Amino acid sequence: MSKITIVYWSGTGNTENIANLVAAGAREAGAEVTMLQPWDTNAEELAACEKIAFGCPAMGDEQLESEDFQPLWDSVKDQLKDKKIVLFGSYNWNSGEWMDLWAQEASQLGANLVADGLAILDSPEAGSDEEAAAKDLGAALAKA
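Under my numbering, think of the first position of the sequence shown as 7, with each following residue one higher.
And the structure:
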């Protein structure tokens, strides 16, 4: 059985909703899922994880949340080489460019991005393509 850790930060609940869908998709694909907030874990714990889904909304000028999530991301960067990961998050204005920049950084660090980063405007509605995409992201990580 695949073990997935989902680490996410959510200010409005939108990214949390996506995290729950990613978890549902991973569980449906047979994975064991642990969900954590940035303050519940650290780089050492994440280094021991088999597969990780990172979730963070776009903040400010298309960047990761700076107080809790960015410090955790910075602390784990050196341990991402060959690690199977996915990235997801929400945004409510602009184009979601932060996701492209984040995915590019993860690739440059040597992470094994098993799927494209998922950026969703606001929160996925029930039965929407975005809801299916979030579940598919979790399933892709579970099967990787």
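Glycine included, C-beta positions come from ideal geometry on N, C-alpha and C.
It should be emphasised that the depicted structure is a prediction, and the values quoted were computed from it without experimental measurement.
{"Asked": "Using 8 Å as the cut-off, can you tell me whether the region 134–150 makes contact with the region 24–37, which would need three or more C-beta pairs spanning the two stretches below that distance?", "Found": "yes"}
{"Asked": "When you compare only the Cα positions, how much space is there between residue 98 and residue 121?", "Found": "22 Å"}
{"Asked": "Measure the C-alpha to C-alpha separation of residue 75 and residue 43 and round it to an integer number of angstroms.", "Found": "9 Å"}
{"Asked": "Cutting at 6 Å between CB atoms, please list the residues of its own chain near residue 55, excluding the five before and the five after it.", "Found": "11"}
{"Asked": "Using a 10 Å radius around the Cβ and a threshold of 16 neighbouring Cβ atoms, would you call residue 117 buried or exposed?", "Found": "buried"}
{"Asked": "Distance check for residue 124 and residue 7, CA to CA, integer angstroms please.", "Found": "24 Å"}
{"Asked": "Using 9 Å as the threshold, is the C-beta distance between residue 96 and residue 64 below it?", "Found": "yes"}
{"Asked": "Cα separation between residue 147 and residue 32?", "Found": "7 Å"}
{"Asked": "On the CB-based measure, 16 or more other CB atoms within 10 Å of its CB, does residue 72 come out buried or exposed?", "Found": "exposed"}
{"Asked": "Which residues mark the beginning and the end of the alpha helix (DSSP H) in which residue 83 is found?", "Found": "It is not in any alpha helix (DSSP H) - residue 83 carries neither H nor E in the DSSP assignment."}
{"Asked": "For residue 62 versus residue 52, is the C-beta spacing smaller than 9 Å?", "Found": "no"}
{"Asked": "I need the boundaries of the alpha helix (DSSP H) containing residue 139, first residue and last residue.", "Found": "135–149"}
{"Asked": "Do residue 126 and residue 112 have their C-beta atoms closer together than 9 Å?", "Found": "no"}
{"Asked": "Can you check DSSP and say which residues form a bridge with residue 41?", "Found": "12"}
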